[in-house]
Every structure is written in C-alpha cells, then in structure tokens.
Amino acid sequence: MRPTATTGPQWLCPVQRFDTKGQGFMLNIDMRKIYNFYAVEPAPDPAALPTGGDLYYECLDCAVIVNSVPHIKSACACGNLAGAGGKLAVMDSTRVKVVKGKLK
Ligand SMILES: [Zn+2]
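Residue numbers for the sequence shown, in this note's numbering: -1 to 102.
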C-alpha cells in the first residue's frame, strides 16, 4: 500500500496548453533561440514587403518575429501580423521591420 506515482497526467505535454490558445507564441520564443536575425537593407517599401522562406517580419509594436511565409499558424502578440498556410496578413506594414533569419 505504498503510494505510487499518480501525478502522471499533469506532466503530459505542457506545450499543448500553448497550442490551443496563443498560436505562434511558443514558436516565436524558439525562433530567437535558433536564428540570428539581420535587418534587410535598404529597408523595403512598406507598400511592397518582400516575402521568402528566409525573410521574417519583426512587429515593431510587440517585437515578435513571424516568418513572412508561415507554414503553420503564426501570429505576433498584438495581432499586427497573423498568418498560416504560406500567407501572412499584415495589418499595419509601416510597423513592420523585415529581417533575414539565419540558423545559428
Ligand atoms: Zn505585434
């Protein structure tokens, strides 16, 4: 009758909690850990932001970085950037800094 390990369920997949609500949040945290980001110079015209697999948009309002062609659901913290399936919607392109991501 010695107590057994019954605390299991609480330890299952802590990441799942984030996936159901703040989409992109976990992703963005990880991005700065695995990528170095460099500003694209000269700064692209906000009216015609370039896209590409190695191009990312940094939201100037919340400082979150989102891929310009997000394959999975991505969004910045304030909602200026949101996308999925290879398309990113930008609410205010003047509040975006285009950066290039390189794996560390
Ligand atoms: Zn934002």
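Ideal Cβ placement from N, Cα and C applies to all residues, glycine included.
Given a threshold of 16 other Cβ atoms within 10 Å of its Cβ, counted over all protein chains shown, does ASN34 qualify as buried or as exposed? exposed
ALA73 beta carbon less than 8 Å from that of VAL64: yes
Please report the straight-line C-alpha distance between ALA87 and LEU79, rounded to a whole angstrom. 6 Å
Helix, strand or coil for SER91? Go by DSSP, reduced to three states. helix
Can you tell me the Cα-Cα spacing of PRO68 and ALA45, whole angstroms? 20 Å
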